[in-house]
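To start, the structure itself, in structure tokens.
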Amino acid sequence: MRRKLLKTANDLNKLILNSDEKVKAEFHTFDNGEVGITFWHYSQKYESDCNHLNFYEFFTDKELQRNFELAKDVIAGECLIDE
3 MRRKLLKTAN DLNKLILNSD EKVKAEFHTF DNGEVGITFW HYSQKYESDC
53 NHLNFYEFFT DKELQRNFEL AKDVIAGECL IDE
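Put into structure tokens, the structure is as follows:
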């Protein structure tokens, strides 16, 4: 799962290269040794001016895919995270 998360972070960053949206994908290691991704989207359309998605090792493949597809849509400017 660690390699899958790393690939997901890399795929998101490739999409970010060509986006006009204010987004970032952070791959990080937690204190317990697990890895994850935090995907941030900055927009005044959110009450707090930003929102995020998390990708964790314990997520199912279906959960990871759902978050990845949502992040892709956000990067493309098609929706907000909470829509």
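Just so you know, we're using the working numbering here: the sequence shown kicks off at 3 and counts up by one.
Glycine is no exception: its CB is placed at the ideal position from the N, C-alpha and C atoms.
Whose C-alpha, out of 69, 61, 63 and 65, is nearest the C-alpha of residue 54? 69
Taking all protein chains shown into account, decide if residue 27 is buried (16 or more other Cβ within 10 angstroms of its Cβ) or exposed. buried
Check the C-beta distance from residue 23 over to residue 83 and give it rounded, since I have them as a contact under 8 Å. Contact doesn't hold; Cβ gap of about 11 Å is too wide.
Let me know if residue 43 comes out buried or exposed under the rule of 16 or more other beta-carbons within 10 Å of its beta-carbon. buried
Going by other Cβ atoms of all chains shown within 10 Å of its Cβ, with 16 needed for buried, is residue 19 buried or exposed? exposed
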